[in-house]
DNA sequence: AGCACGCCGACT
DNA sequence: GTCGGCGTGCTC
């Protein structure tokens, strides 16, 4: 018997030059267990050196001319890398000029032997009753999911109380009901949300509709064992609703009927690890490969989704009839009441808040946490900076010693770097200062502060002033009786390509926490943004924003790739890439030995440019010769070329 | 990344 | 005559 089977193995390594399949012969004792998807250990380059990897295919022949090494061992009999996820990882990595194993590392949690041994797949599962979906016309979303359509859905902007008595955004109920429809048809649903607050709402909505054995969480915050247990459940045959943050798009669902992404404009959907694949892009690829329905749902439309709508890839769906929150834009005006004036609240907002506080909680959204986000010298007015690192100073509470926003050092013995002043003045209002001032303006009312450091998920229905920073707004039982968006002007003053888009998203998400019919006062914002909010037409705004970006050739109207590395490595990569039509921006210096160049091109050329750049990355990683000459005698630095696609960070200052 | 292969200076 | 230095290249 000389029937030798060959295992094609993906090596678990971030090295671009190892990002291809290696063939190994399967020794007789491993014939049974060496199947596609299992983790294996393989010899690499020399005996004794073993690498981890995954079998992605088992074939009779093989195209490798040399003699094959044998698999060292099969780590676990479970096929953790499914064919669907492997295909997705390959495609996503190729599109981003990255390595597939970097994606697989996000997709497959580390093995937990104890969890694996203790794990048994459920033999019986709870039935799923489809849940009716309101607001979008009878059967509209249900049939879209059943027929595997791709949609951009405007969410319903208020809260709903689910059967368990928990208040959640209506969006969560809609998504949960769509998951139930999918599960009832015998397929799984993947639901990706940006943060844990969203995840809590969605899980609450899901568990109110589905039995607990039909819902799985899969996210980075879980302990390794919890994550691996959830992963093994997702790997089973039972149709499940799989909920998590960005990496959940890589969950091992075999029979996938739905991928839904909530609030794709939230930057938390952008993967910070190489190859930096956005949830939205991973979802798009996966749906293309594996079928099923694809939904992007949000209160405000991202320019990225708007582009997909305009090219006809996604169909736009809104609630029917339209649900319009009551939004009142007001210019920044001095209030007639002096206490309110000190609390920098316009009279309209003051009146609405006062009235609303008679019946329930009022949300006040502010831009910055802490007390004073900035300090300045009393004598010369210069911004106060850290005496150690020149970082800006801020103050967390009214009486706190100012500290550095960069290095954290307390500003003890501070003197002004411009004059010789020794005293500082507080500039601007953080959440804590706003809370102080509003507390004085509304005596007797309970004041609650919610920010990144003191997260509060929910508040009750009783009157209270809830001061929250962006994205940290608690959910109020029954919804807020009024919402004040205080720092609009300051939020818009940030320098970023997406400021306006972000502001619309921040405001929309806060407005959606109001009770039905409760007023929102948007302070200090006028023009197109104010009317967008007042008319609740975020998709119109996204359309005009996208058309501006198209005119300027900014993302997402075009794609960009950021190339970072040594001057000549970057220059060589740009030169090769010029075979495709593109504009070159830069290079600019990042530090003494590193430059950054941005290339800008149309979507149609993305695949070729990614392939070219990937070859350049491998070239740079393999050619050690050049840089050692550059680095001199020490010769430690490697000539790496870093490539990142569709990063808008460099467009911050436009 | 690692690790072996390969072509030039000081050593029993 | 070799031992070993690190530059160079490859990994089934």
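Numbering (the numbering used here), first residue to last: 251 to 904. Glycine included, C-beta positions come from ideal geometry on N, C-alpha and C.
Item: Rounding to the nearest angstrom, what Cα-Cα distance links residue 474 and residue 322 in this structure?; Value: 26 Å
Item: Please return the same chain residues whose Cβ sits closer than 6 Å to the Cβ of residue 817, not counting the five positions on each side in sequence.; Value: 845
Item: Do you know how far the Cα of residue 624 is from the Cα of residue 909?; Value: It is not possible to answer for residue 909, since the shown part of the chain is limited to 251 through 904.
Item: If you reduce the DSSP assignment to three classes, tell me which class residue 254 lands in.; Value: coil
Item: Could you check where the alpha helix (DSSP H) with residue 280 kicks off and where it finishes?; Value: Unbroken run through residue 280: none, as it is neither H nor E.
Item: Starting from residue 830, trace the beta strand (DSSP E) both ways and give me its first and last residue.; Value: No beta strand (DSSP E) contains residue 830, which DSSP labels as neither H nor E.
Item: Please name the residue or residues paired with residue 700 in a DSSP beta bridge.; Value: 718
Item: Suppose you measure from the CA of residue 304 to the CA of residue 567; what does that come to, to the nearest Å?; Value: 41 Å
Item: Which word fits residue 895, buried or exposed, when buried means at least 16 other C-beta atoms lie within 10 angstroms of its C-beta?; Value: buried
Item: Taking the continuous beta strand (DSSP E) assigned at residue 439, which residues delimit it?; Value: 438-442
Item: For residue 295, count neighbouring C-beta atoms within 10 Å of its own C-beta (all shown protein chains included) and say buried if the count is 16 or more, exposed if not.; Value: exposed
Item: If you follow the alpha helix (DSSP H) that residue 333 is in, where does it begin and where does it stop?; Value: 333-345
Item: Please look up how many angstroms separate the CB atoms of residue 613 and residue 713, rounded, as I've assumed it's under 8 Å.; Value: No, residue 613 and residue 713 are not in contact; Cβ-Cβ is about 12 Å, not under 8 Å.
Item: So who's on the other strand from residue 651, going by DSSP bridges?; Value: None; residue 651 has no bridge partner.
Item: What number of angstroms, rounded off, separates the C-alpha of residue 503 from the C-alpha of residue 484?; Value: 6 Å
Item: If you pair each beta-carbon of the stretch 759-778 with each one of the stretch 647-655, do three or more pairs fall below 8 Å?; Value: no
Item: Could you tell me the alpha carbon to alpha carbon distance between residue 669 and residue 633, rounded to whole angstroms?; Value: 11 Å
Item: Consult DSSP for residue 876 and reduce its assignment to one of helix, strand or coil.; Value: Here the model assigns residue 876 a pLDDT of 43, short of 50, so the residue's position is not dependable and the matter cannot be decided.
Item: In whole angstroms, give me the CA-to-CA distance for residue 531 and residue 664.; Value: 48 Å
Item: For residue 835, collect the residues of the same chain with a Cβ closer than 6 Å to its Cβ; drop the 5 residues on either side in sequence, then sort them by chain order.; Value: 848
Item: Counting only runs that start and end within the stretch 492-542, where is the alpha helix (DSSP H) found for 4 or more residues in a row?; Value: 529-540
Item: From 450, 430, 341, pick the residue whose C-alpha is nearest to that of residue 202; which is it?; Value: Outside the shown range of the chain, which is 251 to 904, sits residue 202, and nothing can be said about it.
Item: Please report the straight-line C-alpha distance between residue 805 and residue 854, rounded to a whole angstrom.; Value: 14 Å
Item: Does at least one heavy atom of the ligand HEM sit under 7 Å from the Cβ of residue 318?; Value: In the structure on display, the ligand HEM does not appear, and there are no ligands present to speak of.
Item: On the CB-based measure, 16 or more other CB atoms within 10 Å of its CB, does residue 666 come out buried or exposed?; Value: buried
Item: Using alpha carbons as the reference points, say which of 506, 864, 873 lies closest to residue 270.; Value: 864
Item: Under a three-way DSSP split, which group does residue 855 fall into?; Value: helix
Item: Need the endpoints of the alpha helix (DSSP H) that residue 411 sits in, please.; Value: From DSSP, residue 411 is part of no alpha helix (DSSP H) but of the beta strand (DSSP E) over 409-411.
Item: Flag this pair as touching only if the stretch 304-318 and the stretch 254-263 have three or more C-beta atom pairs under 8 Å; answer yes or no.; Value: yes
Item: Can you tell which of 866, 901, 514 has the C-alpha that lies nearest to the C-alpha of residue 808?; Value: 901
Item: Between 391, 380, 479, 540, which lies nearest to residue 334 when the distance is taken from Cα to Cα?; Value: 540
Item: From the DSSP output, in three-state form, read off residue 605 for me.; Value: helix
Item: For residue 664, name the three-state secondary structure that DSSP assigns.; Value: coil
Item: I'd like to confirm the pairing. Which residues does DSSP put opposite residue 296 in its beta bridges?; Value: 294
Item: Is the stretch 555-566 touching the stretch 788-806, taking contact as three or more C-beta pairs under 8 Å?; Value: yes
Item: Helix, strand or coil: how does DSSP classify residue 627 here?; Value: strand
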